[in-house]
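In my numbering, the protein residues as written are 46 to 324.
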Amino acid sequence: MIQQINIPPACPLRPYIKAYQWMGTPAVFDDWVEERILPVPVSGLCFQFGRRLPLLVSHGRREKEVLPASYVLPPNTKPFTIHYLGGVQMLGAVFHPAAFFELFGWSQNEFTDRTVPLEDTDGRQELLVLQEKLEEAEVPEKMAKLLDAYFLQKLKGKREGNPAIKQAMGALAREGGAVQFQTLLKESGVGSRHLRRLFNQYLGMPPRDFLRIYRFYRAYWALLGGRYSSLTTLALDAGYYDQAHFIHDFHHFTGLSPQQLLEREFKIQDKVAWKNGGM
46 MIQQINIPPA
56 CPLRPYIKAY
66 QWMGTPAVFD
76 DWVEERILPV
86 PVSGLCFQFG
96 RRLPLLVSHG
106 RREKEVLPAS
116 YVLPPNTKPF
126 TIHYLGGVQM
136 LGAVFHPAAF
146 FELFGWSQNE
156 FTDRTVPLED
166 TDGRQELLVL
176 QEKLEEAEVP
186 EKMAKLLDAY
196 FLQKLKGKRE
206 GNPAIKQAMG
216 ALAREGGAVQ
226 FQTLLKESGV
236 GSRHLRRLFN
246 QYLGMPPRDF
256 LRIYRFYRAY
266 WALLGGRYSS
276 LTTLALDAGY
286 YDQAHFIHDF
296 HHFTGLSPQQ
306 LLEREFKIQD
316 KVAWKNGGM
């Protein structure tokens with residue numbers, strides 16, 4: 046399983062960048078490991094190091110593709126699968142929703158559910174130089190300092206945030222994702238077509254897809270945290286019409302029912318507790 050370390054960015058960057066995430070698994074396995082990754086409606090940059098063994102990604106029924114050494118972390122509307130043999134080392138800069146467009150000016154719908162190498166973007170020259178510096182730094186903490194320096198420079202030329210997007214994101218933050226489309230539309234102060242164009246540009250997907258993912262995560266974390274009295278209550282609190290709609294979405298994103306996911310998580314926790322001498 047891939048391990049992860051989160052490193053906070055410099056203070057001026059925190060309204061835009063959620064975290065720098067170092068991910069890796071130094072062990073090498075005999076067989077391919079597959080991990081289902083839940084969709085994340087945010088963007089960023091990712092750099093791989095070492096490149097000893099290939100890291101593959103597959104989206105649905107599309108053929109597996111080898112992830113490039115550096116690429117744009119795309120907004121995802123659907124789950125995908127990564128395949129690896131171990132020896133994985135990578136560093137990602139994960140942005141808050143809509144912030145990536147403000148710093149780079151790249152329409153996010155050009156990247157949705159795709160893997161675009163950094164060398165195929167109009168920022169390739171400076172980003173490939175950054176990648177070389179990151180490889181020389183070797184340790185995550187030094188890499189984070191290099192990312193800080195790069196993004197602080199980018200911050201000087203950032204675009205002004207769009208008022209409609211800011212209002213929509215504010216409504217989502219206040220309600221924790223349990224917002225209906227009509228509420229979002231009213232808060233944004235623009236028409237539905239205009240809001241759809243802005244969401245595609247800033248977030249890589251239309252509002253309904255974005256809301257669907259946010260609503261799912263609200264329910265997902267409540268389920269894992271045990272913050273519910275029944276699945277019906279959990280579904281309604283997360284903004285679902287009823288329990289059936291919640292279970293349908295849950296299976297769509299995780300491939301499991303809520304009960305199956307809980308059973309799997311408890312098995313993992315039991316193994317970890319046993320290895321550490323109990324709880």
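Beta carbons are placed, not taken as given, at the ideal position from N, Cα and C, and that holds for glycine. All of these numbers come straight from a predicted model, not from anything done at the bench.
Counterpart residues of residue i in DSSP-defined beta bridges
{"i": "Ala216", "result": "Its beta-bridge partners do not exist; DSSP assigns none."}
{"i": "Gln93", "result": "Met135"}
{"i": "Ser103", "result": "Thr126"}
Closest residue to residue i among the options (Cα-Cα distance)
{"i": "Lys123", "options": "His297, Lys63, Arg242", "result": "His297"}
{"i": "Tyr247", "options": "Glu147, Val102, Val73, Tyr195", "result": "Glu147"}
{"i": "Leu112", "options": "Leu100, Pro142, Arg106, His104", "result": "Leu100"}
{"i": "Leu163", "options": "Leu118, Ala189, Pro54", "result": "Leu118"}
{"i": "Gln331", "options": "Leu217, Gln66, Phe94, Pro71", "result": "Lying outside 46 to 324, the shown extent of the chain, residue 331 is not represented and no answer is given."}
{"i": "Tyr65", "options": "Glu110, Val184, Ala189, Gln48", "result": "Ala189"}
{"i": "Thr228", "options": "Asn245, Pro252, Leu243", "result": "Pro252"}
{"i": "Asn121", "options": "Leu83, Val235, Ala194, Gly206", "result": "Leu83"}
{"i": "Gln304", "options": "Leu269, Val174, Ala182, Thr278", "result": "Leu269"}
{"i": "Tyr116", "options": "Ser88, Ala216, Arg272", "result": "Ser88"}
{"i": "Ala138", "options": "Gly284, Asn245, Leu192", "result": "Leu192"}
{"i": "Thr70", "options": "Ile52, Leu98, Ser237", "result": "Leu98"}
Rounded straight-line distance, which links the Cα of residue j to that of residue i
{"i": "Ile62", "j": "Leu172", "result": "17 Å"}
{"i": "Arg59", "j": "Val78", "result": "34 Å"}
{"i": "Arg81", "j": "Ser233", "result": "34 Å"}
{"i": "Tyr259", "j": "Leu130", "result": "32 Å"}
{"i": "Ala267", "j": "Asp282", "result": "10 Å"}
{"i": "Ala209", "j": "Asn154", "result": "18 Å"}
{"i": "Glu186", "j": "Val85", "result": "25 Å"}
{"i": "Asp294", "j": "Phe261", "result": "7 Å"}
{"i": "Val224", "j": "Ser103", "result": "31 Å"}
{"i": "Thr299", "j": "Ser275", "result": "20 Å"}
{"i": "Gly202", "j": "Phe196", "result": "10 Å"}
{"i": "Ala114", "j": "Gln288", "result": "42 Å"}
{"i": "Thr126", "j": "Arg219", "result": "32 Å"}
{"i": "Leu240", "j": "Arg204", "result": "18 Å"}
{"i": "Ala213", "j": "Lys109", "result": "36 Å"}
{"i": "Pro53", "j": "Phe92", "result": "17 Å"}
Host beta strand (DSSP E) of residue i (start-end)
{"i": "Thr70", "result": "62 to 82"}
{"i": "Gln49", "result": "48 to 52"}
Start-to-end residues for the alpha helix (DSSP H) that takes in residue i
{"i": "Tyr129", "result": "Per DSSP, Tyr129 belongs to no alpha helix (DSSP H); it is in the beta strand (DSSP E), 125 to 140."}
{"i": "Leu29", "result": "Since the first residue of the chain shown is 46 and the last is 324, residue 29 is not available in this structure."}
{"i": "Tyr273", "result": "It is not in any alpha helix (DSSP H) - Tyr273 carries neither H nor E in the DSSP assignment."}
{"i": "Tyr195", "result": "185 to 200"}
{"i": "Tyr116", "result": "Taken as a continuous stretch (DSSP letters only), Tyr116 belongs to no alpha helix (DSSP H), being part of the beta strand (DSSP E) at 115 to 118."}
{"i": "Leu230", "result": "226 to 233"}
{"i": "Phe295", "result": "288 to 299"}
{"i": "Phe149", "result": "144 to 149"}
Beta carbon proximity, residue i to chain D, threshold 8 Å
{"i": "Ala223", "result": "Absent from the structure: chain D. Only one protein chain is present."}
Three-state class that DSSP yields for residue i in the structure shown
{"i": "Val174", "result": "helix"}
{"i": "Glu110", "result": "strand"}
{"i": "Pro162", "result": "strand"}
{"i": "Tyr237", "result": "Residue identity differs from the one stated: residue 237 is Ser in this sequence, not Tyr. Looking at Ser237 - three-state DSSP - the assignment turns out to be helix."}
{"i": "Ala209", "result": "helix"}
{"i": "Ala223", "result": "coil"}
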